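Asks: Mapped onto our numbering, the consecutive letters of the sequence shown carry residue numbers 2 to 102. Idealized CB from N, CA, C, for every residue including glycine. This structure is a prediction, so every number in the text was calculated from the model and none was measured. Handing you this structure, nothing more for now.
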Amino acid sequence: MNLQAYLVVAAALVSVGLFGALTQQSIVMLMMGLELLLNGVILGAAAFWYFLAPAGTEGQVLIVIVVTAMAIEMAAGFAVTTAIYRAKRIDMTDDAAELRG
């Protein structure tokens, strides 16, 4: 496979993730869309590093750090979503916007 094939797959992931993040009202589906969006960005960055600088390990280290940070962020997001659902029985973004105060 060449760089263009990886970038097409990355662009497809970003597109599907952006569509999911912008159109879904469920908090869990919104987070899944964001996850797809970030995975597309990571795939594109990893493909660039693999094809443009295959001898360097800096890209691999950065990708591992970004994936780890993304996993921690999603775990925290799901924890907050679970806490909101248990406290108020709210699972939609429109309803969650009214939780001030």
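Could you round the C-beta distance between G34 and G21 to whole angstroms and report it? I think they count as a contact, below 8 Å.
Replies: 3 Å between Cβ atoms; contact.
Asks: On the three-pair Cβ rule with 8 Å, is the segment 72 to 87 touching the segment 45 to 58?
Replies: The segment 72 to 87, when compared against the segment 45 to 58, does not touch it at the 8 Å Cβ threshold.
Asks: For the alpha helix (DSSP H) holding R87, just list the boundary residues, first then last.
Replies: Note, R87: alpha helix (DSSP H), 59 to 89.
Asks: Using the C-alpha atoms, what's the distance from L4 back to I85?
Replies: Computed Cα separation, rounded: 42 Å.
Asks: Is it buried or exposed, I28, if we count other Cβ atoms within 10 angstroms and call 16 or more buried?
Replies: When all chains shown are included, I28 counts as buried.
Asks: Alpha carbon to alpha carbon, what distance is there between A11 and I64?
Replies: Roughly 14 Å separates the two Cα atoms.
Asks: From the DSSP output, read off the bridge partner residues of M30.
Replies: None; M30 has no bridge partner.
Asks: Do G41 and G78 come within 8 Å of each other at the CB atom, strictly closer than that value?
Replies: For G78 and G41, no; Cβs fall outside 8 Å.
Asks: Taking the alpha helix (DSSP H) that A12 falls in, what are its first and last residues?
Replies: 4 to 24 is the extent of the alpha helix (DSSP H) around A12.
Asks: Quick check on L53: buried or exposed, where buried means 16 or more other Cβ atoms within 10 Å of its Cβ?
Replies: Exposed is the call here.
Asks: For L37 versus L14, is the C-beta spacing smaller than 8 Å?
Replies: A contact, by the Cβ cut-off of 8 Å.
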